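Undergrad:
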Amino acid sequence: MARYKMAYEGTISTLPKKEQWSSDGKLVDIPISLRPRGGPKKRRIKNFLEVAKKTRKSHKCGHCNSRGHQIFSMAIRSLQHRYA
12 MARYKMAYEG TISTLPKKEQ WSSDGKLVDI PISLRPRGGP KKRRIKNFLE
62 VAKKTRKSHK CGHCNSRGHQ IFSMAIRSLQ HRYA
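For the sequence shown, the numbering used here gives the first residue as 12, with consecutive numbering after it.
Below, the structure is given as structure tokens:
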């Protein structure tokens, strides 16, 4: 704790004007290696007991509550019959 207090006991003055900034003429470049977006990939191989079979879920229409299509396709069908 003594080193922490010793490191931050002095005051740090601000630079109010741009002319006071020190510059050696070099520009800052982008990093050499870029990290990919998103979270880290999973590298663990799952056990055969952990792997579940993927079931296909059929679409359910919000208008007629039947399975196999969506409400959007019903709207297209009704427009086709209306203007045909």
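Note that beta-carbon positions come from the ideal geometry of N, C-alpha and C, so glycine has one too. All of these numbers come straight from a predicted model, not from anything done at the bench.
Return the chain-ordered ranges of every beta strand (DSSP E) run that is complete within the region 46-94 and spans a minimum of 3 residues.
TA: List check, beta strand (DSSP E) in window: nothing returned.
Undergrad: Short check: CB of S89 to CB of G79, under 8 Å?
TA: no
Undergrad: Taking 8 Å as the threshold (C-beta atoms), are W32 and L38 in contact?
TA: no
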